[in-house]
Amino acid sequence: MQVNNIITKEKLEKYFRITKEALEKLEIVVDERSHLYIVAKDFLTMAKSYFQDAEYYFKRGDYVTAFAALNYAHGFIDAGVRLGVFKGDDNRLFAFG
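Reminder that position 51 of the sequence shown reads as 51 in UniProt numbering, one-by-one numbering, no gaps.
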């Protein structure tokens, strides 16, 4: 079994593309009057914030922290999809079902 323990620029760029596309397609599907709307807005804010953090660290050459921030960003996206507050029907971009 080959161990994959290097975070390359190319790998980061791939995950940036996937997360950026997921953020662009993300859609809140709960009613604004629902208590879950606050959760959806918070998850979206956190995902965008971590994505911006990832960009910052990537530009500084800190690929490890950038990769970690991208994973947090996508974690909030996937959690929102699994919770049902975001629409996410593309298994290439979202973890669902």
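Think of the CB as a built atom: it goes at the ideal place given N, C-alpha and C, for glycine as much as any other residue.
Note that this is a predicted model, so its numbers are computed, not measured.
- For residue 36, the CB contacts under 7 Å within the same chain, skipping 5 residues up- and downstream, are 30, 85 in chain order.
- Sequence-distant partners of residue 17 (beyond 5 residues in either direction) whose C-beta falls short of 6 Å from its own C-beta are missing from its chain.
- Bridge pairing for residue 87: 27 [DSSP].
- A distance below 6 Å between beta-carbons, with the five flanking residues on each side excluded, links residue 70 to the following residues of its chain, in chain order: 15, 19, 54.
- Within the UniProt domain "DUF357" (14 to 86), complete alpha helix (DSSP H) segments of at least 4 residues are found at 35 to 59, 63 to 83, given in chain order.
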